[in-house]
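Chains as they are written, first to last, in our numbering: chain A, 156 to 552; chain B, 156 to 552; chain C, 129 to 419; chain D, 129 to 419.
All C-beta atoms in this analysis are idealised placements derived from N, C-alpha and C, irrespective of residue type, glycine included.
Here the structure is a predicted model, which is why all the values come from computation and not from measurement.
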Amino acid sequence: MNLYEYQAKQLFGLHGIPIKEGRVARTAAEARDIASSLGGPVVVKAQVHTGGRGKAGGVKLASGSDEAESIAAKILGMDIKGHRVGQVLVDPAVDIDSEFYLACVLDRGARRILIMASGEGGVDIEQVAAETPERITSVHVDPGLGLQSYQARRLAYGVLHALPDARRPAFAAVLRDFQHVVAQLYETCVEEDATLAEINPLVITTDGQMLALDGKVTIDDSALFRQQELASLRDAGVETGAERQAREAGLSYVDLDGSIGCLVNGAGLAMATMDVIKFFGGEPANFLDIGGGAQADKVAEALRIILADARVNSVLINIFGGITRGDEVARGILAALEQLDTDVPFVVRIEGTNAEEGRAILADAAMNTATTLAEGAQLAIRLADERKQGQSQEVVA
Amino acid sequence: MNLYEYQAKQLFGLHGIPIKEGRVARTAAEARDIASSLGGPVVVKAQVHTGGRGKAGGVKLASGSDEAESIAAKILGMDIKGHRVGQVLVDPAVDIDSEFYLACVLDRGARRILIMASGEGGVDIEQVAAETPERITSVHVDPGLGLQSYQARRLAYGVLHALPDARRPAFAAVLRDFQHVVAQLYETCVEEDATLAEINPLVITTDGQMLALDGKVTIDDSALFRQQELASLRDAGVETGAERQAREAGLSYVDLDGSIGCLVNGAGLAMATMDVIKFFGGEPANFLDIGGGAQADKVAEALRIILADARVNSVLINIFGGITRGDEVARGILAALEQLDTDVPFVVRIEGTNAEEGRAILADAAMNTATTLAEGAQLAIRLADERKQGQSQEVVA
Amino acid sequence: MSIYVDGTTRLLVQGITGREGTFHTGHMVEYGTNVVAGVTPGKGGQRVHGVPVYDTVAEAVAETDANCSLIYVPARFCADAVLESADAGIPLVITITEQVPVHDMIRVTTALQARGTTMIGPNCPGLISPGSAKVGIIPGSICTPGPVGLVSRSGTLTYEVLFALTTRGIGQTTAVGIGGDPVQGTKFIDVLAAFEADPATKAIVMIGEIGGSDEEAAAAYVAEHVGKPVIGFVAGQTAPAGKQMGHAGAIISGGSGTAAGKIAAFENAGISVARHPDEIAELVAERLGAG
Amino acid sequence: MSIYVDGTTRLLVQGITGREGTFHTGHMVEYGTNVVAGVTPGKGGQRVHGVPVYDTVAEAVAETDANCSLIYVPARFCADAVLESADAGIPLVITITEQVPVHDMIRVTTALQARGTTMIGPNCPGLISPGSAKVGIIPGSICTPGPVGLVSRSGTLTYEVLFALTTRGIGQTTAVGIGGDPVQGTKFIDVLAAFEADPATKAIVMIGEIGGSDEEAAAAYVAEHVGKPVIGFVAGQTAPAGKQMGHAGAIISGGSGTAAGKIAAFENAGISVARHPDEIAELVAERLGAG
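The following block contains the structure:
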């Protein structure tokens, strides 16, 4: 789960990292009020879950509350890389001396949190890593020991020594503050169950203060059971209705643009099912993983979500039972079909745990069946095409 | 640094371990007031840094405030194994169903905290360990992970399964409470820098509550810099004046009964110096380790403490310099002698770092010197004997 | 022959009295796996499918000499359960539980390194050495003994491939599901090394998916250390960037972790790459025939 | 020959710009120890006795290939300093600092196990291999090369014994002070094993003191694994029970840790026990003559 910049910075603030005291606005009038209560020039920043806001015109300086209002009016509602801007952060403007990069990120290979720091702030760190890797200093944290002071020092001196001479005095003056920010960012990462906690840029202001100017935090969804407050921050706005409905039902669902609905158990098999549909010339309407051990009601809910999508012209149900049982899935399909009056054709393939019981349950429902995935996919593509043509003919007739 | 029972239990209470709400009294009248505010029967318990209070008559049940006062009057001022009772704890009396033992203790061999639990509570755990070790369950805690739930469960089930059948239901009913106490006691041990945190007995009351009835906590002296509140609990009453004075000067000093004052650098050498004096028939007046790298003022303070003891008839100064430097020690000796007018004879032996410089500094002071420890000890014994005889003669004369 | 589990495996099931634990213990016992003990705190003394249940792993190990543990406990208790087995001296822990917090697994994998315990999982289907031991939830009916070693980040996709192999008459030494989470106890390269060392394994199937860079690391390992034929597949060729596809680990982010990159790495390492799952068995047959 | 340190030792001093660090670095350089670097955060670029100072251990190691670290930093920074050296890949860390919190050393010793780093100390005088390297504060003037290995929980008592040996013309391979704290990085048995394996060491002196049970463990080890003659001494024969004698480790508590018990254990293991320090050199001469 990704946090918005303003949420990330609030979290930083709670953990003792210096931030500006801006607030978030959902209307231009609110933006005006915030700017006027802050006084002086402000920055109005679009709050969206994507990068490149600046280039897209989503971040603007305003000299006062009048301009803040007019800028907010322009930014609110803007579309940035497919994300509609629903809120803006109004922060006091800051005079920047220099910019730095600091992040705690899960290193999957090392199975540890990696802390990376660089004097190249405000830019894409992946580019820095590719072009000038010597400007990035990093340390892995032993989870049993936690961050040690020497590691914060190593980052601090690593950044210092990689800076051009002209930039060194300003950073040398805040070396201890920087180490403090490192420690607090790691604390944020661990205590909030984050897999990414990034400050970019971390700046030194012209009056010599360290400040987290922009931030990005990703919370581990699996840990939300112990992060209730964070769970409540989830912003439903970026999910489609179907995605939200699926998440609430405990399903893993991603909306796509095609015509073949997919209901699969297991992420790998679900992806492979999409891949096969595409391989044979079809277009999947969604990714849908019902997860391990799904029971009938969950399967029924999954079918409801798929069939609510008008673009769906056939449904491919591909179940290979392990912890999931074929009979449960079959019961779920029947339960959904009892409630939903649909003419969308189904192709069902069930193998693995309790597959025979499942097939027996569906035997009376007169469904299309398949034995291999390739066969199932090709059948689903054909049925979708036929239904699409049938509908066109109806329209023509 | 050892805590009194009442201090240990306060600490337990702060960490969420259930304790009784008794208070400490320094006079019989205070004991009466506490008993009357608590209401009902109370237990009056001597607060001393030694075991065997019960046998010595230092723990008594009182039916009410009158009796609490009279009992407190008897216990206060009592001498228990050389410890004068200066305060009593007045706790509400408790109806005990059964007693248990639980402790976190530093296992030097394993370099970890060991948690030990047993159904044999209220008795000497070393005796249980020797006679019925199968009644003790223990786990070592990995400091990086901290106490894990399974370890608390293992202690709980270990205790449960070792109990006689008749006692099992009462303990089974509080199995979760017990695991909670285990977790909180370990937290106490780590957060308070304890090398021992013991609850003995941990009881189940007749109404099924777990309760820490008596406790013992030893705090690591080296960690007092980060445990300021605990440091302030130190009870000067159990130290002799010389011991307190020495501690405040950063010296390690233990009062003994002999006539030869010892000033040594290093604990091992200081002990060996005592051993040698005794080996040759003398009696050391003290153990005194000036520590590593002592400077002149510390040496001077050490001599002041030694010479303030009227029983001292000679002083053996044994310095083998490493981090301590011979010249610093020599300057300290001269500084002390300038201020103190004493006729106590000194035997000085300085070897190691800057020993020659040290000996040069003392050359003019016309002191007795020795090259080996055995020689120095024998000389100090002879000088002490001579001075004692001289004093006797003076008295006779 | 097989890797990790075989006829000498003495299995302990943590969470045996739960719904899934009981169900799959039944299947494992039926398959012939030597399930010697179960553990559920507070349920000591019960029996599940004839298997004795203990309150703690330490007791269970003392009584039954269990040497492998299988974990079905709920996610929030998972880290504790893994450490309990490791501390009781069990050298191999298979963790089926899904949605385990990443930071828990960071702590656990570090602790296991110091203890010399191998964990497979979490969020994995376990493993099976057809004909001798099934540890986890891979259906025994779709497997048969033979010369192919299989390792996969995906659960049900593994079944798909096993089914296809078995249907074609190609048996397996061991199939290992390493799980789809970002932090795994066992990685592709660990299993590849074990298969390379196993004389009975004549070819290796490796099923990857989008996200992370373990497939790339595995490809480099294959190029340098694996002499046996390797057949690969990568799921998620049509997955959109930035969207998490089920597994917490399966996400294309910042342009890395794409199926295209992984397939290229496979091909550069001489791994035969299937275009879709049904092609895998075909490629295995070819490479086995050639070898 | 020697153990732990010799002519190949490339020493780094942490806390080199402090009073003690500077003073003893001078003595080590003078003795001929190859001191290649010092570390004090914020003092990078300075020089102490000609030795370059760095801000971090990682930099110092990268620049100088230091392979041994000596720690003089204040107690509250000690754990961090040890871990910094271990993380920089230094295999041997000698910790002179005293009054280090016990819980810090519990954390550190566990962490070092996983990293394969050996720590000697804390609260120890370091070690010396006469004629080739002095690492710590043992005065070089009281040592001379020869056949005796010495290991001790005590600092100055060690000097006493070295002085007596040298005065008698008996030299040393290496003298190791393991420190008097309750939690030590290196114990008697570790050093005994190293001396037993060192062909140049012909006899071993072990100096214990009251408190704990390491002397008893060492005695058992000697009985089983050490073929060379061992001469022992235990300080604190006249110490009262329940009083801490200087070191946090030197205390007789609950009837255990007494000098009498340790001396008995030594004697049972065939160790020659000196009654007072001046007797040690005498016993060494006897055992060397006999051997």
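Can you pull the chain B residues whose beta carbon is under 7 Å from the beta carbon of D/S282, in chain order?
The residue labelled residue 282 of chain D in the question sits at position 154 within the fourth sequence. Going along chain B in sequence order, the residues near D/S282 (Cβ under 7 Å) are G421, A422, G423, L424.
CB of C/D183 within 8 Å of CB of C/R138, strictly:
Taking the third sequence and counting its residues from 1, one reaches residue 183 of chain C at position 55. Taking the third sequence and counting its residues from 1, one reaches residue 138 of chain C at position 10. Annotated as distal: C/D183 and C/R138, with beta-carbon spacing of 8 Å or more.
Within chain B, partners of C/R235 - CB distance below 7 Å:
The residue you call residue 235 of chain C lines up with position 107 of the third sequence. Those are L300, listed as they occur along chain B.
According to DSSP, what are the bridge partners of D/C196?
Within the fourth sequence, the letter at position 68 stands for residue 196 of chain D. Per the DSSP secondary-structure output, D/C196 pairs in a beta bridge with D/L139, D/L220.
Sorted by chain position, which residues of the same chain lie with C-beta nearer than 8 Å to A/G447's C-beta, five sequence neighbours on each side aside?
As a working mapping, residue 447 of chain A is identified with position 292 in the first sequence. Closer than 8 Å at the Cβ level, and outside the excluded window around A/G447, lie N420, G421, G477, I478, T479.
Any idea what DSSP makes of A/K215, helix, strand or coil?
Locating residue 215 of chain A in the first sequence gives position 60, counting from the first residue. Taken through DSSP and simplified to helix, strand or coil, A/K215 comes out as strand.
Going by other Cβ atoms of all chains shown within 10 Å of its Cβ, with 16 needed for buried, is A/E176 buried or exposed?
Within the first sequence, numbered from 1, the residue matching residue 176 of chain A stands at position 21. Result: exposed.
Could you check if C/T295 is buried or exposed, using at least 16 other CB atoms within 10 Å of its CB as the buried criterion?
Here residue 295 of chain C refers to the residue found at position 167 of the third sequence. Under this definition C/T295 is an exposed residue.
Does the distance from the C-beta atom of C/K356 to that of C/T329 stay below 8 Å?
The count along the third sequence starts at 1 and reaches residue 356 of chain C at position 228. The count along the third sequence starts at 1 and reaches residue 329 of chain C at position 201. Contact flag set, yes.
Nearest chain C C-beta to A/M522 closer than 8 Å, yes or no?
Indexing the first sequence from 1 puts residue 522 of chain A at position 367. Under the 8 Å criterion on CB atoms, A/M522 is classed as non-interfacial with respect to chain C.
May I ask you to verify whether the region 267 to 278 of chain A touches the region 227 to 247 of chain A, counting CB pairs closer than 8 Å and requiring at least 3?
Here the region 267 to 278 of chain A makes no contact with the region 227 to 247 of chain A; the two share fewer than three CB pairs at distances below 8 Å.
Taking 8 Å as the threshold (beta carbon to beta carbon), is C/I270 in contact with chain A?
Within the third sequence, numbered from 1, the residue matching residue 270 of chain C stands at position 142. Interface residue, yes.
Is any beta-carbon of chain A found at less than 8 Å from that of D/D232?
The residue given as residue 232 of chain D occupies position 104 in the fourth sequence. Closer than 8 Å: no.
Would you verify that the beta carbon of D/P219 is, or is not, closer than 8 Å to some beta carbon of chain A?
The count along the fourth sequence starts at 1 and reaches residue 219 of chain D at position 91. It does not; no Cβ of chain A falls within 8 Å.
Report the neighbours of B/T508 on chain D: residues whose CB is nearer than 8 Å to its CB, in chain order.
Stepping through the second sequence from its first residue, residue 508 of chain B is reached at position 353. For B/T508, the chain D residues whose Cβ falls inside 8 Å of its Cβ are H155, I265, P267, in order along the chain.
I'd like to know whether the C-beta of A/S414 is nearer than 8 Å to at least one C-beta of chain C.
What you label residue 414 of chain A is simply residue 259 of the first sequence in a count that begins at 1. Not closer than 8 Å to any Cβ of chain C, the Cβ of A/S414 fails to qualify, so no.
Straight-line CA distance for A/L261 to A/D444?
Taking the first sequence and counting its residues from 1, one reaches residue 261 of chain A at position 106. Taking the first sequence and counting its residues from 1, one reaches residue 444 of chain A at position 289. The straight-line gap from Cα to Cα measures roughly 25 Å.
If the criterion is Cβ atoms closer than 8 Å, does the pair C/V210 and C/I199 meet it?
Taking the third sequence and counting its residues from 1, one reaches residue 210 of chain C at position 82. Taking the third sequence and counting its residues from 1, one reaches residue 199 of chain C at position 71. For C/V210 and C/I199, yes; Cβs fall inside 8 Å.
Every unbroken alpha helix (DSSP H) inside the region 367 to 401 of chain C [4 residues or more]:
If only uninterrupted alpha helix (DSSP H) runs of at least 4 residues are considered, those enclosed by the region 367 to 401 of chain C are 387 to 396.
Would you report the Cα separation of C/Q312 and C/V133, rounded to the nearest angstrom?
The count along the third sequence starts at 1 and reaches residue 312 of chain C at position 184. The count along the third sequence starts at 1 and reaches residue 133 of chain C at position 5. Straight-line Cα distance between these residues: approximately 19 Å.
At the 8 Å Cβ level, is D/A203 part of the contact set with chain B, yes or no?
As a first step, residue 203 of chain D is located in the fourth sequence; it is residue number 75 there, counting from the start. With a threshold of 8 Å between beta carbons, D/A203 makes contact with chain B.
When DSSP labels each residue in this structure, what does B/I172 get in the three-state scheme?
Along the second sequence, read from residue 1 onward, the residue named residue 172 of chain B stands at position 17. In the three-state reduction of the DSSP assignment, B/I172 falls in the coil class, being assigned neither a helical nor a strand state.
Opposite A/I268 in the DSSP bridges: which residues?
The count along the first sequence starts at 1 and reaches residue 268 of chain A at position 113. By DSSP's assignment, A/I268 forms a beta bridge with A/L261, A/V296.
So is D/N396 buried or exposed if we call it buried at 16+ other beta carbons inside 10 Å?
Counted from its first residue, the fourth sequence places residue 396 of chain D at position 268. Classification for D/N396: exposed.
Does any C-beta atom of chain B lie closer than 8 Å to the C-beta of C/T184?
For the purposes of this step, residue 184 of chain C is taken as the residue at position 56 of the third sequence. Output row for C/T184: interface = yes.
Would C/A393 and C/I359 be called neighbours here (beta carbons separated by less than 8 Å)?
By one-based count along the third sequence, residue 393 of chain C stands at place 265. By one-based count along the third sequence, residue 359 of chain C stands at place 231. No. Outside cutoff.
Check the DSSP bridge columns for B/K229 and list the partner residues they point to.
As a first step, residue 229 of chain B is located in the second sequence; it is residue number 74 there, counting from the start. Residue pairing from DSSP leaves B/K229 without any beta-bridge partner.
When you check each C-beta in the region 279 to 301 of chain A against every C-beta of chain C, which residues fall closer than 8 Å?
Hits within the stretch, in order: E281, D297, P298, G299.
Buried or exposed: which applies to A/R187, given that a residue is buried once 16 or more other Cβ atoms fall within 10 Å of its Cβ?
If you number the first sequence from 1, residue 187 of chain A lands on position 32. A/R187 comes out buried.
Whose Cβ in chain D lies nearer than 8 Å to the Cβ of A/Y312?
The residue you call residue 312 of chain A lines up with position 157 of the first sequence. Correct list: P169, G172, D183, T184, E187.
Counting only beta-carbon atoms, is B/F475 nearer than 8 Å to chain D?
Working through the second sequence from its first residue, we reach residue 475 of chain B at position 320. Nearest CB-CB separation between B/F475 and chain D: below the 8 Å threshold.
Flag A/K453 as yes if its beta-carbon sits less than 8 Å from any beta-carbon of chain C, otherwise no.
Within the first sequence, the letter at position 298 stands for residue 453 of chain A. Interface flag for A/K453 against chain C is unset, since no Cβ pair is found closer than 8 Å.
Residues of the region 301 to 333 of chain D with Cβ closer than 7 Å to any Cβ of chain B, in chain order:
Of all residues in the region 301 to 333 of chain D, G308, P310, V311 have a Cβ within less than 7 Å of some Cβ in chain B.
Please work out which residues of its chain come closer than 8 Å, Cβ to Cβ, to D/A239, disregarding the five sequence neighbours upstream and downstream, and give them in chain order.
Along the fourth sequence, read from residue 1 onward, the residue named residue 239 of chain D stands at position 111. Excluding sequence positions up to five before and after D/A239, its CB lies within less than 8 Å of the CB of L211, A214, all in the same chain and listed in chain order.
Does DSSP put A/P324 in a helix, in a strand, or in coil?
Residue numbering aside, residue 324 of chain A sits at position 169 when the first sequence is read from its first letter. The three-state reading of DSSP puts A/P324 in helix, counting H, G and I together.
Along the chain, where does the beta strand (DSSP E) containing D/I234 start, and where does it finish?
Position 106 of the fourth sequence, counted from the first residue, corresponds to residue 234 of chain D. Element bounds for D/I234: not the beta strand (DSSP E) but the alpha helix (DSSP H), 230 to 243.
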